[in-house]
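As structure tokens, the structure follows; a few thoughts come after it.
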Amino acid sequence: MSDFLTASVGFILAMLALGLVSILRGPGDADRMMSAQLIGTGGIAALLLLGTVTGVPAAVDVALILALLATFASIAFVKKGLSRLEVDSTDGT
Amino acid sequence: MLPPAPMSATTAGGFLLVLSIVLPVAGVLLAFALGDRYVRLVAFTIMPLGLAIAAALVLALPRGGGHLVYLLGAWPPPLGVALHADGLSAVMIAATAVVIPAVAVYAAPEFRPAAAARAPAAFWMLLLAIWGALNAIFVGGDLFTLYVALELLTFATVPLVSLDGRAETLQAALRYLLFALLGSVLYLAGTALLYGLYGALDIVLLSRRADAQLGTLIAAALMTTGLLAKTALFPLHLWLPPAHAGAPAAASAILSGLVVKGSLFIVIRLWFDVMRGLPGFAAAHVLGALGATAIIFGSVVALRQERLKLLIAYSTLAQIGYLFLMFPLAFDVSGDLKRGGALAGGVLQAISHATAKAAMFMAAGSIYAGLGHDRITGLNGVARAQPLSVLTFALGGVALMGVPPSGASLAKDLLLQAAAETEQWWWTILLQAGGVLTAAYVVLVLAHALAPPDKPIALRGAVPRICDLAALVLALCSLLLGLMPWASYLPIPQGGMSNPLGIDALSKLLLPVLGGTVLAILLSPWPHPLALNAVERMIAPLRRACLGFGRLVEAVDDVLRQWPAASMSLLLVALLLGTLMFAGA
Amino acid sequence: MSAVTVFGLTAAAAVGLGLYGLITNPQPLRKLLAFNLLGSGVFLLFGIIGRRGAAAGFGNDPVPQALVITGIVVAFAATALAIALLLRLFRTAGSTTLRSDAPRMGRGADAPGG
Amino acid sequence: MSYAGDIVTIASVSAGAFFFLAGTVGLLRFPDTLTRLHALTKADNLGLGFVVLGLLPQAASLRDGLKLISIWLLALLAGATVSQLIARSARQGGPAR
Amino acid sequence: MSITTVFESVLAALVLGLALWTIAVRETYSATVGFVAYGLMVALIWVGLDAIDVALTEAAIGGGLGGIVLLGAAARLRDTESTAAETPNRMVRLGAAALSAAIAAALAIAILLLPDAAPTLAPAAVANAAATGLANPVTNVLMAFRGMDTALEKVVLLLAIVGVWSLASDQAWGGRPGPHHEADPNGVLAFLARLLPPVGIVIGVYILWTGADHPGGAFQGGAVLASMWLLVIMAGLADTPPASSRRLRLVLVAGPGLFFLVGLGGLCFGAAFLAYPIAHAKPLILGIETAMLLTIAATLALLLAGAPERSVPR
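Residue numbers (full-length UniProt numbering), protein chains in the order written: chain A, 1 to 93; chain B, 1 to 585; chain C, 1 to 114; chain D, 1 to 97; chain E, 1 to 314.
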């Protein structure tokens with residue numbers, strides 16, 4: 001059982017790696033944000049499996065935090081963080 | 001100087017160590033909570049208390065057999081954290097407790113709460129934080145606590161550098177922050193390795209357990225290098241000149257006088273306590289050689305500066321180099337590290353520099369406030385307009401040159417004696433040259449200041465007399481440091497010291513001044529009032545050669561202050577130290 | 001011991017990569033990323049040392065873990081301060097270069113602080 | 001641990017892994033951003049959903065089971081929000097203001 | 001080679017690949033995304049090393065706050081890339097690579113040479129756990145055995161706030177940090193900012209509470225709360241408080257202040273500075289941690305909000 005779950009973690013991680021290769025290349029920023037999203041979800045799945053394998057129930061708490069904060073990278077991307085620059089008002093991107 | 005028996009108990013008076021850290025930190029918290037209007041008031045309430053604690057600590061130490069120990073939370077190391085003070089800690093704490101209040105008095109009119117609130121509020125909180133961080137470094141008995149204290153120091157100094165918000169000070173602050181972070185990460189890596197090897201971070205425990213194995217030496221190399229980056233030893237000084245020259249004068253005084261000594265102190269702890277002598281003679285020579293280069297480079301580039309504050313900043317670079325001469329000199333003929341005269345001389349020099357350099361920066365700040373600029377060529381006649389400031393600068397400079405009865409003079413004697421005992425004559429040349437080179441830039445500045453003005457000087461603003469007095473007191477402190485009873489705190493060998501007020505005191509003043517004058521004429525590219533026309537023509541070829549040398553040094557310095565060069569030198573120093581330690585083990 | 005070896009080498013490699021990036025990348029933000037990489041390598045070093053010290057029913061020595069948590073906090077505070085400085089520098093100077101021979105005068109006078 | 005529970009776990013986690021595979025293949029093969037987004041959300045929602053479902057029989061307590069489910073719900077919410085945000089910014093050809 | 005080793009190797013390869021990407025890729029924004037992903041994967045390594053407390057910290061920082069600060073800055077500074085292109089030449093890069101590799105190799109050797117009988121303080125931490133009444137040894141180390149480090153680290157956070165605030169203009173000092181965010185009442189963000197914070201607050205408090213006996217603690221919980229507050233601010237549903245606000249400043253010093261007060265209490269009436277009386281150790285520590293939770297949440301959020309920008313009439 002534990003071997004199967006470990007193998008699943010490895011498999012999901014490998015999928016993550018493959019997906020990342022395609023996404024990190026871009027071309028657009030949206031694709032990059034997707035990569036952050038992908039790694040978040042994959043990471044959660046891997047954590048849940050890993051916690052069961054290693055018998056560390058608290059790993060679920062780590063996954064819980066990741067799930068709670070999964071949107072933040074994308075929000076930062078959309079809002080450009082919190083501090084403003086004066087030049088912002090002049091550029092049009 | 002480590003206590004012979006395992007330290008499992010808090011000593012009497014140990015609570016002073018806790019207070020020395022907690023009091024300034026409590027001041028920060030209180031000032032932050034009370035708000036801008038009370039910040040300065042809080043700072044000035046804390047100052048006398050801090051001074052009293054430092055005094056009590058200095059008095060309590062000899063009674064405690066030269067050691068004060070406090071187990072925080074009553075947990076004994078290795079699980080708990082101990083605070084630990086010896087003579088070195090006591091003198092550094094005392095020096096800090098003198099310099100910080102003096103700087104505070106100097107800064108009080110400029111950073112008064114009524115003015116634009118931002119800079120004063122930040123300044124006083126950061127000043128208290130620096131005090132707490134330095135005390136934590138001086139009494140920290142645990143390598144990781146020292147790391148946190150170092151970071152506390154960095155976080156307190158970076159905003160001081162950029163306090164006036166101009167672009168180049170922001171850039172200087174960012175460079176400083178990034179380079180300091182690189183240094184502290186290397187230090188942390190070494191800490192991790194030591195824990196993995198010995199299961200303890202306590203300095204006393206490690207000094208008993210550490211042995212010369214590869215992992216320990218790698219840790220020593222990484223930690224030493226990281227700390228050198230924070231101390232700005234040549235060639236890791238890219239951040240120092242802009243940061244120290246760009247900060248407000250009061251902040252520069254603290255940065256130059258005290259802050260760089262914090263990381264230096266941890267290097268001393270590492271080499272003399274944690275792994276006593278393990279780094280070896282060859283690695284110590286690397287430190288000495290870098291220090292020697294720093295003396296030459298810093299002084300030559302200082303002589304080529306256009307602005308007074310940059311000159312003083314480069315002089316700090318040279319003086320930091322001088323401090324590192326203690327490492328090779330502490331190894332005796334058989335290659336063993338001794339806590340002897342070399343260590344005492346080095347620490348004494350650090351204290352002398354702390355007081356003198358702070359005074360010089362404060363004087364430069366007054367001159368800047370008076371004239372509205374600090375171009376050295378424009379200083380003509382300032383001695384008449386601002387006699388106190390110029391006097392302070394001169395006294396600070398004289399103290400740094402090593403003229404009796406200054407602390408620097410005693411330090412130089414101790415280091416010379418160590419060089420003679422350990423048969424390392426080559427450092428003698430540098431020890432003497434250091435004084436002459438210091439004299440060169442002091443003479444250069446004074447020559448301008450004392451020269452008749454081209455046109456009458458109109459002072460922009462009057463500097464309150466109290467500011468000048470605070471600076472003057474510090475300069476006098478430095479000049480009289482040699483008369484203090486150091487033997488109960490520092491490992492000063494008996495006998496052999498020259499009488500600080502003897503007849504040779506005069507020669508110790510005259511020789512550096514004469515040599516310095518010659519060097520100033522030869523190496524300073526700016527027009528200056530020192531040379532007579534006839535002499536000038538006679539020595540013209542020599543001067544051209546010297547100026548060429550100076551240009552070359554400055555060009556090399558420009559390259560070394562670029563980020564890639566500086567950070568690569570950092571790694572190179574780490575590898576060199578590591579290799580030599582391993583070869584010597 | 002295999003996890004320790006694999007992740008130990010990962011930590012060393014992260015340190016190496018971080019150092020390389022810190023040296024060669026001209027942009028401060030990239031230097032900051034490299035610093036964080038370097039830092040995480042050093043934290044992992046603590047992690048594997050704690051893992052080796054697994055005892056008394058705990059899979060990882062609690063002391064290095066506590067040190068890492070403190071270290072992460074400090075590194076994060078440093079990152080935030082550096083970013084604030086960087087954005088402020090950009091706003092004041094219009095560029096983020098760290099070259100020492102390109103002193104840019106800000107909005108104020110060219111006077112040094114006094 | 002019951003035998004039936006283990007079967008459910010193996011089957012469900014395998015299905016989850018399959019959806020991660022499908023999502024990745026979609027990401028690699030689909031031409032443009034919006035279709036890739038589609039592939040990603042599939043992997044998100046179904047892959048993680050099946051993994052959670054598969055781990056439920058292994059959960060030690062009711063609280064752990066509830067935690068697992070709330071993780072999935074949170075991930076669903078995040079997936080929906082993020083795809084909204086990304087889709088909007090992709091349509092505008094830059095980050096939304 | 002066991003299946004576990006294969007998994008660890010895959011994870012290590014993924015982490016190193018992301019690290020390499022972060023360093024090597026040309027565009028800063030991609031590098032930053034790569035680094036955020038790297039942080040998430042490192043959290044997995046921490047779970048693999050059985051250091052859940054650290055994994056929680058890494059997830060809370062790397063997944064939420066770190067992503068916001070780094071991605072936000074990268075998005076703002078992306079126009080500067082062309083002006084700051086001072087890439088060192090090939091020789092410098094080769095030299096840097098050689099030096100970095102040498103340091104990494106030295107570190108790797110040091111790791112491989114660590115003694116087989118690894119020293120550990122875990123038994124000592126367990127043996128002394130009774131003095132605090134808490135079962136999580138990491139919390140014990142942070143709050144009791146090495147309490148001084150934790151207290152000083154909180155002061156570091158406060159100084160970071162002072163540093164960030166000191167970057168304000170003279171007029172804006174004491175004002176509200178960061179720009180005003182316009183609320184879009186029907187937007188996705190506003191929806192999320194209404195839905196997520198209640199959940200987040202529960203989770204943050206849970207992480208603090210469970211930290212007494214299981215992995216968790218004040219910093220991790222505080223980081224979660226900070227993220228929630230930032231979400232509400234970014235969605236425009238609430239504004240940052242003025243930096244001069246007395247109440248805010250009290251919150252910001254509450255954690256370290258209470259820690260030092262309790263410590264001084266120990267110095268005056270108890271065994272030593274930062275020593276807890278055994279009968280009251282657990283409530284005292286939990287009290288300090290609760291104060292710290294608030295302080296950390298406010299500190300982290302304000303660190304990211306930046307320097308005060310909008311002065312408030314006083």
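Quick reminder that beta carbons are idealized off the backbone N, C-alpha and C, glycines included.
Could you check where the alpha helix (DSSP H) with residue i kicks off and where it finishes?
i, result
"C/Val-73", "62-93"
"B/Ala-180", "167-198"
"B/Glu-110", "Note, B/Glu-110: premise wrong, no alpha helix (DSSP H); not H, not E."
"B/Pro-527", "Element bounds for B/Pro-527: n/a, residue is neither H nor E."
"A/Ser-2", "2-24"
"B/Lys-230", "214-231"
"B/Ile-457", "Run containing B/Ile-457: none; DSSP gives neither H nor E here."
"C/Leu-32", "28-52"
"E/Asp-53", "52-58"
Checking contacts by CB at 8 Å: is residue i closer than that to chain D?
i, result
"A/Gly-10", "no"
"A/Gly-42", "yes"
In or out: residue i buried (at least 16 other Cβ within 10 Å) or exposed?
i, result
"C/Ala-111", "Reliability fails at C/Ala-111, whose pLDDT of 38 lies under 50, so the model's placement of it is uncertain and the value that follows must be treated cautiously. Its Cβ having fewer than 16 others within 10 Å, C/Ala-111 is exposed."
"B/Arg-175", "buried"
"B/Ile-492", "buried"
"B/Lys-455", "exposed"
"E/Leu-70", "buried"
"A/Ser-89", "Annotation note: pLDDT 35 at A/Ser-89 (below 50); position unreliable, coordinate value reported separately. Result: exposed."
Are the C-beta of residue i and some C-beta of chain E separated by less than 8 Å?
i, result
"D/Leu-27", "no"
"A/Ala-30", "no"
"A/Leu-69", "yes"
"C/Ala-77", "yes"
"B/Gly-262", "no"
"B/Ala-117", "yes"
"C/Ala-111", "In this prediction, C/Ala-111 has a pLDDT of 38, which is less than 50 and means its spatial position is unreliable; what the coordinates show is noted afterwards. No, C/Ala-111 does not count as interfacial toward chain E."
The beta strand (DSSP E) spanning residue i covers which residue range?
i, result
"E/Glu-309", "308-310"
Can you tell me which residues form a DSSP beta bridge with residue i?
i, result
"B/His-84", "B/Val-69"
"E/Pro-177", "E/Pro-308"
"B/Arg-307", "B/Arg-375"
"B/Leu-337", "B/Phe-331"
Show which residues of chain A have a CB atom less than 9 Å away from the CB atom of residue i.
i, result
"E/Leu-11", "Val-9, Gly-10, Leu-13, Ala-46"
Are the C-beta atoms of residue i and some chain C residue less than 8 Å apart?
i, result
"B/Gln-213", "no"
"B/Gln-171", "yes"
"E/Phe-219", "yes"
Who are the neighbours of residue i on chain C, taking C-beta pairs under 9 Å?
i, result
"E/Ala-122", "Gly-50, Gly-53, Ala-54, Ala-55, Ala-56, Gly-57, Phe-58, Asn-60, Asp-61, Pro-62, Val-63"
Does the ligand ZN have even one heavy atom less than 7 Å from the beta-carbon of residue i?
i, result
"B/Thr-231", "With respect to small molecules bound, the structure shown includes none, and the ligand ZN cannot be examined in it."
Which residues in chain E sit within 7 Å of residue i, going by Cβ to Cβ distance?
i, result
"B/Ile-46", "Chain E residues near B/Ile-46: none, gap ~14 Å exceeds 7 Å."
"C/Ala-34", "Ile-23"
"D/Thr-81", "Val-188, Leu-192"
"A/Thr-6", "Ile-3, Thr-4, Phe-7"
Any beta carbon of chain A sitting closer than 8 Å to that of residue i?
i, result
"D/Ala-60", "yes"
"D/Tyr-46", "Just to set this straight, residue 46 of chain D is Leu in the shown sequence, not Tyr. Judged by the 8 Å Cβ criterion, D/Leu-46 is not in contact with chain A."
By the criterion of Cβ-Cβ separation under 8 Å, what are the contact partners of residue i in chain E?
i, result
"D/Leu-77", "Leu-192, Leu-195, Leu-196"
What does residue i touch in chain C if you count any residue whose Cβ is under 7 Å from its own?
i, result
"E/Asp-53", "Gln-65, Ile-69"
Please confirm if residue i has its CB atom under 8 Å from at least one CB of chain B.
i, result
"E/Pro-256", "yes"
"C/Gly-39", "yes"
In chain C, what lies closer than 8 Å to residue i by C-beta?
i, result
"E/Glu-8", "Ser-2, Ala-3, Val-6, Phe-7"
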